[in-house]
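A.B. asks: In this text, residue positions in the sequence shown follow full-length UniProt numbering: the first is 1, and each later residue adds one.
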Amino acid sequence: MMTPHDLSPRQYSLSFLTVADVSPVEAVKIAADCGYAKVGLRLLPAAPNENEYPILTDQKLIAETKAALTDTGVQVADVEIVRITADFDAKQYLGFLETAAALGAKHILIAGNDIEQQRLIDNFSAFCELSKNYALSCDLEFMPWTAVKNLAEANQIVTASAQDNAAVLIDALHFDRSNSTLAEVKQIDKSRMNYVQLCDGWAEYDPSDEGLIKIARSNRLVPGQGDIDLVGLIQALPADITLAAEVPNLELAALPALERAKINLVAMQKLVALAQNEMVVG
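Here it is in C-alpha cells:
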C-alpha cells in the first residue's frame with residue numbers, strides 16, 4: 001500500500017499493541033490486507049496482571065499462524081517481551097526462543113529491569129549468546145521508568161555486551177519522554193538498529209512513572225497527530241530501517257482492528273514522504 005510519494009525501500013510492521021484485541025492469525029491477515037510487510041507478536045506477558053499468551057505453547061495455533069504467514073507473505077519482525085530482571089536466567093527462555101524461531105521471527109524486544117548495570121549487561125549478553133542459536137537479535141528498548149531510561153544508556157549496554165546480535169530499539173514515545181536527542185540517534189552504529197516503533201504524543205503530559213506507563217499502554221496518538229518530531233526522527237534513522245506502528249489508544253480501540261491498522265500505515269507513509277521531501281528540498 002505505497003503512496004506515490006513513498007519512494008524508499010522501507011518496510012512497515014504492525015506492532016502487537018496496535019491490534020492487541022485480535023488473534024495472531026488475524027493480525028497477520030490484517031497486516032497483509034493493509035500492506036504491511038511484517039507483524040509483531042506477543043508471546044510473553046508484559047505485566048504481572050496480564051494473561052498468558054496461548055501462542056507460546058499451543059502447537060495448533062502456532063501451525064495456523066505459520067500457515068497464515070506463508071499464505072500472505074507477511075513476516076514476523078519481532079516477538080515480545082523479555083524482561084531482564086535481577087534473577088534473570090536465560091535458559092528459562094528456551095521454549096520462547098523455540099517458538100519465536102518456529103514463527104520465523106527476526107528480533108526479540110528486550111526490557112531492562114535490573115538496576116545493577118553490570119549484572120544487566122552480563123545477563124543481556126548471555127541471552128544474546130543463546131539467541132544466536134535461533135538466528136534472533138536482541139533489541140533493547142529503553143523506557144524512562146525502567147533501569148534503561150534513555151537512548152544513551154541502551155546504547156552503552158548494547159555496546160558493552162559485545163554481541164553482534166545486540167541492538168537498540170527506539171520507541172518514538174520513550175525517545176521523546178527521555179530527553180534523548182536526534183544527534184544521539186545519528187551516532188548509533190546502523191548495524192545496532194533493526195526496527196523502530198512509531199506513534200505520537202502531546203507535548204504536555206504527566207511525567208510520573210504511572211503517567212508515562214498509562215500513556216504508553218493506552219493513550220498513544222497516530223503518527224503525525226501529536227507534537228513529537230517524527231519527521232526529524234525518521235530523517236535521523238537509516239533509510240531502510242523498518243518502521244513499526246505501535247499505537248495503543250482507548251478511543252481508537254472502538255474502531256475495527258483493520259481500520260486501525262490502515263490509519264497508522266497511511267500516517268507513517270505520509271511522514272516518510274514528508275521526511276524525504278524535506279531532505280530533497282534541504
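C-beta atoms are modelled at their ideal positions from N, C-alpha and C, and glycine is treated no differently.
Below 7 angstroms between beta carbons: does that hold for Leu-43 and Phe-88?
C.D. replies: No; because the gap between Cβ atoms is not below 7 angstroms, this pair is not in contact.
A.B. asks: Less than 7 angstroms between C-beta atoms, sequence neighbours within five positions excluded: which residues of the same chain meet that for Val-217?
C.D. replies: It should be noted that the sequence gives Arg, not Val, for residue 217. Contacts found: Pro-248.
A.B. asks: Kindly indicate if chain C contains any beta-carbon less than 7 angstroms away from that of Val-168.
C.D. replies: The structure shown has no chain C; it contains just one protein chain.
A.B. asks: What ranges does the alpha helix (DSSP H) occupy inside the stretch 57-94, keeping only unbroken runs of at least 4 residues that lie completely in it?
C.D. replies: As far as the stretch 57-94 is concerned, its whole alpha helix (DSSP H) runs of at least 4 residues are 59-72.
A.B. asks: Restricting to runs no shorter than 3 residues, where is the beta strand (DSSP E) found entirely within the stretch 96-126?
C.D. replies: DSSP runs (the beta strand (DSSP E)) wholly in the stretch 96-126: 107-112.
A.B. asks: Less than 6 angstroms between C-beta atoms, sequence neighbours within five positions excluded: which residues of the same chain meet that for Ala-267?
C.D. replies: The residues are Val-222, Pro-223 and Gly-224.
A.B. asks: Is the beta carbon of Val-196 closer than 7 angstroms to that of Ile-228?
C.D. replies: Cβ distance not < 7 angstroms, so Ile-228 and Val-196 don't count as in contact.
A.B. asks: To which residues of the same chain is Leu-17 closer than 7 angstroms at the C-beta, ignoring the five residues directly before and after it?
C.D. replies: Here the set comprises Glu-246 and Pro-248.
A.B. asks: Could you tell me the alpha carbon to alpha carbon distance between Gly-35 and Gly-211, rounded to whole angstroms?
C.D. replies: Approximately 33 angstroms between the Cα atoms of the pair.
A.B. asks: Quick check on this structure: which residue in Cys-128, Cys-199, Asp-209 and Asp-122 has the alpha carbon closest to the alpha carbon of Lys-106?
C.D. replies: Of the candidates Cys-128, Cys-199, Asp-209 and Asp-122, the one whose C-alpha sits nearest the C-alpha of Lys-106 is Cys-128.
A.B. asks: Can you list, in chain order, the residues of its chain with a C-beta nearer than 7 angstroms to that of Glu-64? Leave out the 5 residues immediately preceding and following it.
C.D. replies: So the list reads Val-25, once near-sequence residues are dropped.
A.B. asks: Hey, which unbroken runs of the beta strand (DSSP E) at 3 residues or more fall wholly within the stretch 143-177?
C.D. replies: Runs of the beta strand (DSSP E) inside the stretch 143-177: 166-171.
A.B. asks: Going along the chain, which residues of its own chain have a beta-carbon closer than 6 angstroms to the beta-carbon of Ala-183, five neighbours each way excluded?
C.D. replies: So the list is empty, once near-sequence residues are dropped.
A.B. asks: Under 8 angstroms by Cβ, that's how I've got Asp-114 and Ile-81 pegged, so tell me the actual separation to the nearest angstrom.
C.D. replies: Not a contact, Cβ separation roughly 15 angstroms.
A.B. asks: Which residue from Ala-172, Asp-164, Ala-167 and Ile-121 puts its Cα closest to that of Pro-144?
C.D. replies: Per the Cα distances, Ala-172.
A.B. asks: For the alpha helix (DSSP H) that Ser-218 lies in, which residues bound it at each end?
C.D. replies: Its alpha helix (DSSP H) spans residues 209-218.
A.B. asks: Check whether the Cβ atoms of Asp-77 and Val-28 sit closer than 7 angstroms, and answer yes or no.
C.D. replies: Here residue 77 is Ala; the residue named in the question, Asp, does not match the sequence. Not in contact: Ala-77 and Val-28 (Cβ atoms no closer than 7 angstroms).
A.B. asks: When the distance is taken between beta carbons, is Ala-111 closer than 7 angstroms to Thr-146?
C.D. replies: Contact: yes.
A.B. asks: Tell me the rounded alpha-carbon separation between Val-148 and Glu-52.
C.D. replies: The alpha-carbon atoms of Val-148 and Glu-52 are separated by roughly 25 angstroms.
A.B. asks: Considering only the alpha carbon of each residue, which of Ala-135, Gln-156, Glu-98 and Asn-133 lies closest to Asp-122?
C.D. replies: Ranking Ala-135, Gln-156, Glu-98 and Asn-133 by Cα distance to Asp-122 puts Gln-156 first.
A.B. asks: Starting from Lys-186, follow the alpha helix (DSSP H) in both directions and report where the run begins and ends.
C.D. replies: From DSSP, the alpha helix (DSSP H) with Lys-186 extends over 182-187.
A.B. asks: Per DSSP, which residues does Cys-34 bridge with? Please list them.
C.D. replies: Answer is none; Cys-34 lacks a bridge partner.
A.B. asks: From which residue to which residue does the beta strand (DSSP E) around Ala-236 run?
C.D. replies: Where Ala-236 is concerned, there is no enclosing beta strand (DSSP E), although the alpha helix (DSSP H) it sits in stretches over 230-236.
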